[in-house]
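Peer 1: Chains as they are written, first to last, in the working numbering: chain A, 10 to 689; chain B, 10 to 689; chain C, 10 to 689. Glycine included, each C-beta is placed from N, C-alpha and C at the ideal position. Bear in mind that the values here come from a model prediction, so they are computed numbers and not experimental data. Before I ask anything, let me first share the structure, which is written out below as structure tokens.
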Amino acid sequence: MTIWPDKVDGLCFGGDYNPEQWPEATWRDDVRLMREAGVNLVTVGVFAWALLEREEGRYDFGWLDRVLDLLHEGGIRVDLATATAAPPPWFTRRYPQSQPVTREGQLLWPGSRQLYCPSSPEYRAAAVRLAEAIATRYGDHPALAMWHVNNEYGCHVPHCYCDVSAAAFRAWLRRRYGSLDALNQGWATTFWSQRYSDWAEITPPRLSPSYLNPTQQLDWWRFSSNELLDCYRAERAVLRRITPQVPVTTNFMAAQFKPVDYWAWVASGELDLVANDHYLREEEAPDSRVDLALAGDLTRSLADGGPWLLLEHSTSAVNWQPRNLAKLPGQLRRNSLQHVARGADGVMFFQWRASRGGAEKYHSGMVPHAGTDTKIWREVAQLGADLRRLGEVKGSRVAAEVAIVWDWEAWWALELDAHPSADLAYLDQIRAHHAALWRRGITADFVHPAADLSGYRAVLIPSLYLVSEDAAANLRRYADAGHLLVQCFSGIVDEHDQVRLGGYPGAFRDLLGIRVEEFFPLRAGQTVRLDDGSQGSLWSELVHLDANVDGAKAEVLATYADGPVTGGPALTRRGTAWYLSTCLAPDDLERLLGRICDAAGVPAASQTPNGRAPSGVEVVRRVTVEASGGNSYLFIINHNDRPATVPLPASGVELLSNVEVAGSIVVASGDVAILREAGA
Amino acid sequence: MTIWPDKVDGLCFGGDYNPEQWPEATWRDDVRLMREAGVNLVTVGVFAWALLEREEGRYDFGWLDRVLDLLHEGGIRVDLATATAAPPPWFTRRYPQSQPVTREGQLLWPGSRQLYCPSSPEYRAAAVRLAEAIATRYGDHPALAMWHVNNEYGCHVPHCYCDVSAAAFRAWLRRRYGSLDALNQGWATTFWSQRYSDWAEITPPRLSPSYLNPTQQLDWWRFSSNELLDCYRAERAVLRRITPQVPVTTNFMAAQFKPVDYWAWVASGELDLVANDHYLREEEAPDSRVDLALAGDLTRSLADGGPWLLLEHSTSAVNWQPRNLAKLPGQLRRNSLQHVARGADGVMFFQWRASRGGAEKYHSGMVPHAGTDTKIWREVAQLGADLRRLGEVKGSRVAAEVAIVWDWEAWWALELDAHPSADLAYLDQIRAHHAALWRRGITADFVHPAADLSGYRAVLIPSLYLVSEDAAANLRRYADAGHLLVQCFSGIVDEHDQVRLGGYPGAFRDLLGIRVEEFFPLRAGQTVRLDDGSQGSLWSELVHLDANVDGAKAEVLATYADGPVTGGPALTRRGTAWYLSTCLAPDDLERLLGRICDAAGVPAASQTPNGRAPSGVEVVRRVTVEASGGNSYLFIINHNDRPATVPLPASGVELLSNVEVAGSIVVASGDVAILREAGA
Amino acid sequence: MTIWPDKVDGLCFGGDYNPEQWPEATWRDDVRLMREAGVNLVTVGVFAWALLEREEGRYDFGWLDRVLDLLHEGGIRVDLATATAAPPPWFTRRYPQSQPVTREGQLLWPGSRQLYCPSSPEYRAAAVRLAEAIATRYGDHPALAMWHVNNEYGCHVPHCYCDVSAAAFRAWLRRRYGSLDALNQGWATTFWSQRYSDWAEITPPRLSPSYLNPTQQLDWWRFSSNELLDCYRAERAVLRRITPQVPVTTNFMAAQFKPVDYWAWVASGELDLVANDHYLREEEAPDSRVDLALAGDLTRSLADGGPWLLLEHSTSAVNWQPRNLAKLPGQLRRNSLQHVARGADGVMFFQWRASRGGAEKYHSGMVPHAGTDTKIWREVAQLGADLRRLGEVKGSRVAAEVAIVWDWEAWWALELDAHPSADLAYLDQIRAHHAALWRRGITADFVHPAADLSGYRAVLIPSLYLVSEDAAANLRRYADAGHLLVQCFSGIVDEHDQVRLGGYPGAFRDLLGIRVEEFFPLRAGQTVRLDDGSQGSLWSELVHLDANVDGAKAEVLATYADGPVTGGPALTRRGTAWYLSTCLAPDDLERLLGRICDAAGVPAASQTPNGRAPSGVEVVRRVTVEASGGNSYLFIINHNDRPATVPLPASGVELLSNVEVAGSIVVASGDVAILREAGA
């Protein structure tokens, strides 16, 4: 259940504010500029540990007092950090046992950030003490709107392989398995003479002569994600105790970070609201516009459809990619409003002022090195004004009728080594399905495989390699309610990464009415044709139609026209249960998902009785959920380099211009329109 | 001298059987299915250490007793492992000094397999104790047909760089060199101030600021191969003592494994029979059909032309390649019979049942995850039937009149660093020569450079960079008896990797009547033309014709038409001694080898008075060596995707169909025919 | 101030002579051959530590006595090494704390060379002791011409990360910064909670979770270069004390080695002459002829325009590249004379005899493996004769009117991580500018950014990312005297790698009359067009013309015709100050530099009133600086594969042939002509 920082009026707007990097004389200027831009919330203190605790137990809060007072005078609210993301050099020197160790046994050293073993008792104790000192000092500060615990948990040290971590891993395994026999069973240690006869024999999956036990690896991912959650829990507990009324969160990196199972984090009930950091990867992602939408959709789904906070993104270039592309004019604002369209009730940036020194000085800020007579500053100020005009969308929810199953455990398991093809990557498959829907103007939620799916007309399951029996049953049950597409290499193993025997995909064989006898992964770069003209890549399978337990047989919708299983079924359907045994080319996948959505009666947000939005125009609807009626907001984002005429399903008021429109609206190149739809 | 497991009737057929991975209830079913498929031999216990020795000295043989009794009841013979390939976790915890260390000083940890330093006295003692316990327990078991020591020695840890290994290396060097002066001389330590003044100063070739002493590296390869052989020797001694009548072997990885000098192993007299593991590398090898033939030819040569046992290959995909291609229909059987054609008297698979869990669960088995209603199982059963029909070929020998020189020491030395070109790789050159013969239908043996060559009409020497004076003399002498082709960068250094001065190739200069003044390696991707239309790559040389010691001059057969040595000799011949100073394109090399074979009077097995087998049809002959007459078997393997009409040198009976044929035979696409030739 | 080894008559000629690798019987032959080839100087003893000091303090000079006496008898002078480049195995065993450690914490081990931590007190003491012993023994030897300290300092171990080095780094930082506050300020440690509260907390930039503090990294480069200089200083001090009259040097690797700041070394006054090693990188450098010229130009510039010594290059192939291309006929001599053209007063090779064993045995020598009936030996002998004919050029200086700013600190800083584009590499940009001038026949010097520039008509500043305020002022002042081209990403940060705020490039904004608002690095492989037809790559910028402090405005010479800043200025000019905001294609850069040189009145050496030397003909002039008149030598090098007719600015005598020429001269393909120009 989301607890929003209610002290902030309207949508949140601001960024990370690190005044300690600047002379105190600059601070008043900062507040003046924040007000000018409409900033109403700033994150303070994320990397201030070294300045707040000068040596163990000796605190220096004076400077932070002055910063918070100044912000309060200026009417700016504060998302106050617990400052535990980067222990200071004195801490590392005093507790060298807290230095993380790599899989190869290499010790990590000071000079960057996040230098701690997540299982280190010394680190955890120090972090809690600092959080307590800060909460005690500032719990009643009038500027305080929310707590920001740590920072991007695990981003640099998701796993530590030291002996302390090894002991913690063993303790976690004892709790998970209860007995060594259960662990030996779960890990299949009869293979390769791996049977453990004492808990003390178990180590993290360190460098080893050959492929490590896959279940050991999988449990290591689980353990590591949980250790980070435990770090968070410990800090949150003290904040909750001292300031029960102040919401607490940390910043996720949803859709861009494999090591942390954010489903487990939100399920823990420890987050009062979901906050996310998102950065474009222009050269890495196939289409950064869609990748941004994916991140928004996933974060919203983690927030159970409720509002969420974009806690970091960039005004322009970042500094950590090989080539850090600057944003083109208008892109800062368009990216920001795209997040709002996907459910964000706030837009924050890293960081307020671009640093003069340090590792991130070429990361763009709201105030760039070149000052305020700049494209960036003008767009920041315009965005602030836009967000003020959008205050009424706060709290509305995004409408989605299709769900894509997303699961971190399945991601971890799919990408373990020694699989049929190293080319079948989880995020690629997720992205392919999500992007195909995006191109058709269909908004999707992401769901955990065991989630309640009753609200959806269709559910997509891209390569869900690992699925527990409970989750599999949940997905199978769903087929009674709506259409369901299972893609190749799904449902193969149970939660111990052990294969379901008797023909793949064990978890869905009966549901789909098929039996896969053998995988035929394709060569690097190889493609296969299907007889419906589609093209597959990466993967193919020898599929048989099998008499189903309840007698209904699957039908073959397409067969392989060439490749290693020529003539065999490629795409099948049994009632509402579809099976795709390869990875389709983007256009072909889009056509297939369109067909399924049509069968399921899923409308596109971009579709109206008067026609459809042109290609490259993103359309998303947010609706309020008030008892009586409620509002509906149509976000229209024109990604094209020419104006677009977009037919409207209803007349209404364009909020940014406050102009009434009907029939259709012309959206300039790169521009965004937001329509409060008249009751249809 | 080969000692065959005579308890097995006919050709061996079966695979690795790991019952410990399955509930005991499955075992009876296993035996039933084995009998159904015609299995007569299974390898048991390879990775059973952890289950057989539960803690140090506490054995649990009960389950294995039951397995062996069940197999015996079913008439299945057992290739029983000493189970020493993977020490259990308790062993590593108790003897952490046995954990291997990488060249970079990184310790290796449990979780996979083969976690031991080959020089570890604790490991060696434990392995011998276990072998002794097993031999004592099962030496008289009626199912026992042979011993399987360890498994694929060195496959993951061919070298260990720990301090124990360092001491063993020093001891080995003392024995090899006798004195430090001899070592300093052999290693050329006057270079770079490397002179050793105490044995204790010598270390393994660990991570170092620059290129390591090449002779130190070369001796390290020699030492490491020998340490593994010593591990084998120790286990074999105890088996021999307890069961003198039972043949002992281990599984080689001939043609795919660089670190072990299998010539030295067979020369040691410690192997009663030669057994090999072979896996296709579809995406890596230029032509996996030929690569399989190469492995068969090399293994047969290691067995001195006698029968050998294919101890592992796969029914379909493996799990350790980036993309693990499944075998196409018919390929399992065709691959298997191709090994038999090349001299195998048995065909075994890894493994019986595909595992449910663990690192190799996607390695295909004889019983796949999908069960017996599968392509794989049906082909396994058909192969079993085929092999029964082929019982009479057992013990026959493959006829070969050409030899290719193969030497692990030369391989190691050629691929040391700081050479004229890093692109000249040993296996590439070996493969090129072997494949050119394969395409011409000529079967070749491999020979050690110091071997008796009197049985061959032609000998090929691909880039034999290092050759000892004795071996060089052997090869030179051969030129009186037959044709000999020396390829570039052969005979350059002695056994200490020291250059023979006065012009290359020092070992063969007089024989060839040439003097190479300087190497001219080619740029990446560069090719040169020869004036006979051939194309060279990787390498060229400035070659002079030199008056030979006995006066006979070489003639120039082709010169370089372009490139860095335009106009210079590229291909020369002095009597029966040919010299090729570059790496020819495949077709050009095939033409050259054809010319040499013609000159030497070597017939192709695929050649008959009535014409030649079509391209893509592999023809190999096995002959029995009985006193009176003996039989001759022609294996005809059609690798093409259409039927082939193959002219026959003699009439005879096709053994798989038991049909008499004469003149020619039509072999279906992908099919194999085996003709018992009527006395010609 | 250069002190030349005056004992050597004429130009120096010879190479590294390592007699310890050969039986003593060979030595007399060596001297005979040296005399035959005209060798007058050899470097002896570089890697002889292990033979000179057999155990700690026990010296064996007998063999070296005999070598030096033999050389002296033959009239060969000796560049005697202090032999400290590679400690012997006994040293490492006795002082294991001297073994270097990598950034990842890996210890380095014996077996190659240069195995010492540059900060090791044990190594430094041992090196000084050995230098003292050698100087004491041979200081008065009549063959001794100069001292050769160590060898290619830092080539394999430029940085050591051990604890000893860490302590030395801290001590160096204390001296540099004086106080922790100053260090915290300089390193911007308010960022990421890095504030140091005790000197003991500071470590080298070892493996760390994320990007290391950039100023910490930069200071580490400074420190490491200085530690090596301190090693040199210590040895030089003892040599100076014992033999004050003998010049001392060490061999640089200018233009090919990033870790050592050779400007700082020559500024230290510790080198009596500048010596350089240069090796072709045929496959790596875009044009190895120009790369050789660049190395010569840089080395001459390090020698302040005075004579320098080519102490190592190769007669043909080296051994450390992936493919070591042999030199084509004539190339040995042409390369050598090209160095002389660029100011070398001596040409030496590594090494005299190609080794039989060891890691460098495939490195070519003056006497190759194949002996003296070889292309190499004949060219060596011819070169010796040529150099004798060129004796009179000794001491003349190369004429250059253009300077390119080169700075190691800027190189280090530019290539730190987390920058806008990882593709903008320092050497690439330097090479591009130098090569463009080379193609136009314009000879350039290299200069330190703070150097006196008054002698130049034009100064080029390729991507001088870091520049101190003093150096920036020096460069700005220069614009009053001549033309100056600043290329993108110059003048961005101060010596602490902290950004100059207010718009880029902070150090040159006013000078250039522009303000860069934001960087727009290009995608991998992306190019942009300029409206003058030029093409840019890697980088673009949003540039504004700003009113300059003194009112004069810049003009736009070219704008971006496409790409992310379409329509914005790409090339600007304010008076003599030009700014280029991208990286031009080679031809376009050549055109631009031609335009600037024309504006500056810089003539090409290849230009005469009668026309210009054909493309591919390199023309360089050396002039003597005698009081009365002096001579002028025109070096003409024909790199083409056909003869070239080269117009001459003056008549004169061709020195190699001693023929008078006038008007023009025909230079054969690959040949070199050297004209003593008649007073024009």
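1) With distance defined between alpha-carbon atoms, name the residue in B/R204, B/P167, B/T199, B/S202 nearest to B/L238.
2) Name the DSSP bridge partner or partners of B/W156?
3) Ignore the nearest five residues each way along the sequence and tell me which others in A/S430's own chain have a CB closer than 7 Å to its CB.
4) Using a Cβ-Cβ cut-off of less than 9 Å, give me the residues of the region 506 to 518 of chain B that come near chain C, in sequence order.
5) Going by Cα to Cα distance, which pick from A/F261, A/G450, A/H442, A/D489 is closest to A/Y465?
6) For A/H428, go through chain B and note every residue whose CB falls closer than 9 Å to its CB, in chain order.
7) Output the boundary residues of the beta strand (DSSP E) element that contains B/V696.
8) Report buried or exposed for A/R75, applying the criterion of at least 16 other Cβ atoms within 10 angstroms of its Cβ.
9) Starting from A/G71, trace the alpha helix (DSSP H) in both directions and tell me its first and last residue.
10) Nearest by alpha-carbon distance to C/Q360: which of C/H322, C/G572, C/L346 is it?
11) Nearer than 7 Å: is that true of the beta carbon of C/A353 relative to any heavy atom of the ligand FMN?
12) Quick check on B/F517: does DSSP put it in helix, strand or coil?
13) Three or more beta-carbon pairs under 8 Å between the region 125 to 132 of chain A and the region 219 to 237 of chain C, yes or no?
14) Between C/G366 and chain B, is there a C-beta pair that is closer than 8 Å?
15) Distance, Cα to Cα, C/Y170 vs C/R112?
16) Going by the beta-carbon positions, is the gap between C/L446 and C/V407 smaller than 8 Å?
17) What are the residues of the region 465 to 480 of chain C that lie near chain B, defined by any Cβ-Cβ distance shorter than 8 Å?
18) Are the CB atoms of A/K370 and C/V508 within a distance shorter than 8 Å?
19) For A/G620, which of A/H648, A/T654, A/T35 has the nearest alpha-carbon?
20) Got a sec, what are the start and stop residues for the beta strand (DSSP E) C/C21 sits in?
21) So B/V670 and B/S590 are in contact, right, with Cβ under 8 Å, and what is the actual spacing, rounded?
22) Roughly how many angstroms separate the alpha carbons of C/L346 and B/A175, rounded to a whole number?
23) Expressed to the nearest angstrom, what Euclidean distance is found between the alpha-carbon atoms of B/D149 and B/N260?
24) With distance defined between alpha-carbon atoms, name the residue in C/G278, C/A177, C/A480, C/A144 nearest to C/I12.
25) Counting only C-beta atoms, is B/G679 closer than 8 Å to chain A at any point?
26) Can you give me the C-alpha to C-alpha distance between C/H157 and C/L248, rounded to a whole angstrom?
27) Does the region 89 to 109 of chain B touch the region 205 to 217 of chain A, meaning 3 or more C-beta pairs lie closer than 8 Å?
28) From the DSSP output, in three-state form, read off B/W317 for me.
Peer 2: Inspection of the coordinates gives the following:
1) Your numbering for residue 238 of chain B matches position 229 in the second sequence. If we check each option's Cα against that of B/L238, B/P167 comes out closest.
2) As a first step, residue 156 of chain B is located in the second sequence; it is residue number 147 there, counting from the start. Paired residue(s): B/L89, B/V257.
3) To locate residue 430 of chain A, count along the first sequence from 1; it is residue 421. Excluding residues within five positions, the ones whose Cβ falls inside 7 Å are P530, L547, W548.
4) D506, Q507, V508, R509, L510, G511, G512, Y513, G515
5) One-based indexing of the first sequence puts residue 465 of chain A at position 456. Nearest option by C-alpha distance: A/D489.
6) Numbered from its first residue, the first sequence carries residue 428 of chain A at position 419. Those are N328, N333, Y371, listed as they occur along chain B.
7) Summary: the structure shown does not reach residue 696 of chain B, with chain B confined to residues 10 through 689, and so no result is reported for it.
8) Here residue 75 of chain A corresponds to residue number 66 of the first sequence, with the count starting at 1. Exposed, because fewer than 16 other Cβ atoms sit within 10 Å of the Cβ of A/R75.
9) Position 62 of the first sequence holds residue 71 of chain A. A/G71 -> alpha helix (DSSP H) spans 71 to 82.
10) In the third sequence, residue 360 of chain C corresponds to position 351, counting from 1. Measuring from the Cα of C/Q360, the nearest candidate turns out to be C/H322.
11) Here there are no bound small molecules, and the ligand FMN is not part of this structure.
12) As a first step, residue 517 of chain B must be located in the second sequence, where it is residue number 508. In the structure shown, B/F517 sits in coil (DSSP, three-state: anything other than H, G, I, E or B).
13) no
14) On the third sequence, position 357 is the one that residue 366 of chain C refers to. At least one chain B Cβ lies under 8 Å of C/G366.
15) Residue 170 of chain C sits at position 161 when you count from the first residue of the third sequence. Residue 112 of chain C sits at position 103 when you count from the first residue of the third sequence. Computed Cα separation, rounded: 6 Å.
16) As a first step, residue 446 of chain C must be located in the third sequence, where it is residue number 437. As a first step, residue 407 of chain C must be located in the third sequence, where it is residue number 398. No, the pair does not count as a contact, with Cβ atoms beyond the cut-off.
17) none
18) Taking the third sequence and counting its residues from 1, the one referred to as residue 508 of chain C is at position 499. Taking the first sequence and counting its residues from 1, the one referred to as residue 370 of chain A is at position 361. Yes, they are a contact pair.
19) Numbered from its first residue, the first sequence carries residue 620 of chain A at position 611. Answer by Cα proximity: A/T654.
20) The residue you call residue 21 of chain C lines up with position 12 of the third sequence. Where C/C21 is concerned, the enclosing beta strand (DSSP E) stretches over 21 to 26.
21) Taking the first residue of the second sequence as 1, we reach residue 670 of chain B at position 661. Taking the first residue of the second sequence as 1, we reach residue 590 of chain B at position 581. B/V670 to B/S590, Cβ: 46 Å. No contact.
22) Start at 1 with the first residue of the third sequence, and residue 346 of chain C comes out as number 337. Start at 1 with the first residue of the second sequence, and residue 175 of chain B comes out as number 166. C-alpha separation (whole angstroms): 49 Å.
23) Position 140 of the second sequence, counting from 1, holds the residue named residue 149 of chain B. Position 251 of the second sequence, counting from 1, holds the residue named residue 260 of chain B. Distance between the alpha carbons of B/D149 and B/N260: 23 Å.
24) As a working note, residue 12 of chain C is residue 3 in the third sequence. Considering only alpha carbons, the answer is C/G278.
25) In the second sequence, residue 679 of chain B corresponds to position 670, counting from 1. No, B/G679 lies away from the interface with chain A (no Cβ there is under 8 Å from its Cβ).
26) The sequence position of residue 157 of chain C within the third sequence is 148, counting from 1. The sequence position of residue 248 of chain C within the third sequence is 239, counting from 1. Cα-Cα distance, rounded: 10 Å.
27) yes
28) Numbered from its first residue, the second sequence carries residue 317 of chain B at position 308. B/W317: strand per DSSP, three-state reduction.
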